[in-house]
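Quick note, our numbering runs 430 ahead of the 1-based positions in the sequence shown.
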Amino acid sequence: MGTPAPAPYGAPAPPPAAPDTSQAVKAPAVAWLVPIAALFALIGMFVPWFKAKATLTGGGQTTHHTFDGLYSFKDGKLGLLAPILLVILAIGVVGLLVGKAPARFSRGGGHPVASAGKASLIVGAVSLVCVVIAWFLVKSQYKFKDGGISYSWDNYIKAAKDAGFKLELSRGPQVGYFLTIAAAVLAIVAGVLMILAARRASGAGAPSAYPPPG
431 MGTPAPAPYG APAPPPAAPD TSQAVKAPAV AWLVPIAALF ALIGMFVPWF KAKATLTGGG
491 QTTHHTFDGL YSFKDGKLGL LAPILLVILA IGVVGLLVGK APARFSRGGG HPVASAGKAS
551 LIVGAVSLVC VVIAWFLVKS QYKFKDGGIS YSWDNYIKAA KDAGFKLELS RGPQVGYFLT
611 IAAAVLAIVA GVLMILAARR ASGAGAPSAY PPPG
């Protein structure tokens, strides 16, 4: 097999190669906290967030009962935002960790690591807000079935009171809820540390392991 024949004289030049939208870059090791946070949030999505617990007092006796688990996709669906946002963010951060800066972290002439850090800070804060809101939504999402009748949180307490019992209900936060809180906090911490690392690298003025674009 020989080499391809050269283009005839006067033929148009071949089109230029498509530009590479990523640049050589390497994030600090602390950026690994972002994929870890995404993993925590993903696990948290598939395990219960809450298991309501009841303490019923009446007739000289006290009984305890734990109800079925409430998952993030049933608790107002806000809990789904954390894993979705963190996974999207983690994909880009993994690009930094393997030496390429995705275009979304290189826009506006900013430092790719600093841009990723800001994104992590925002996503972590949004995830934490969603977790807090989910806590207050529990009472409106839970339904209790007793004797073939479905009760809301407050109506169940009222029905027990009308029957001469004292019913106390608690949310019973579970591992999924705590994992998502941990994921949000990790993303915030990673964001702050990545921003600081980028500032130190820029201030040093050295050809650092993660140079700014340009």
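All residues carry an ideal CB built from backbone N, CA and C; glycine is no exception.
| query | result |
| --- | --- |
| Over the uninterrupted alpha helix (DSSP H) stretch that includes Gln604, give me the two end residues. | Segment: none, Gln604 is in no alpha helix (DSSP H) and carries neither H nor E. |
| Between Val561 and Ala614, how many whole angstroms is the CB-CB distance? I'm expecting something under 8 Å. | 6 Å |
| Is Thr487 buried or exposed, if buried means 16 or more other CB atoms sit within 10 Å of its CB? | exposed |
| What's the C-alpha gap between Phe595 and Thr485? | 10 Å |
| Rounded to a whole number of angstroms, what is the C-alpha to C-alpha distance between Ala459 and Leu527? | 8 Å |
| Assuming Ala564 contacts Gly602 (C-beta within less than 8 Å), just tell me the rounded distance between them. | Not confirmed; about 14 Å, so no contact. |
| Which same chain residues, not among the five before or five after Met624, have their C-beta less than 8 Å away from its C-beta? | Ala457, Pro458, Val460, Ala461, Val543, Ala544, Ala546, Gly547, Ser550 |
| Which full runs of the alpha helix (DSSP H) of 4+ residues lie inside the stretch 536–614, going along the chain? | 542–571, 583–592 |
| Once DSSP output is grouped into helix, strand and coil, what is the label at Gly522? | helix |
| Do you know how far the Cα of Ala512 is from the Cα of Ala590? | 36 Å |
| Ignore the nearest five residues each way along the sequence and tell me which others in Val517's own chain have a CB closer than 8 Å to its CB. | Ala468, Ala471, Leu472 |
| Would Ser600 and Ala482 qualify as a contact pair, given that the criterion is a beta-carbon distance under 9 Å? | yes |
| Bridge partners of Lys481, per DSSP? | Gly499 |
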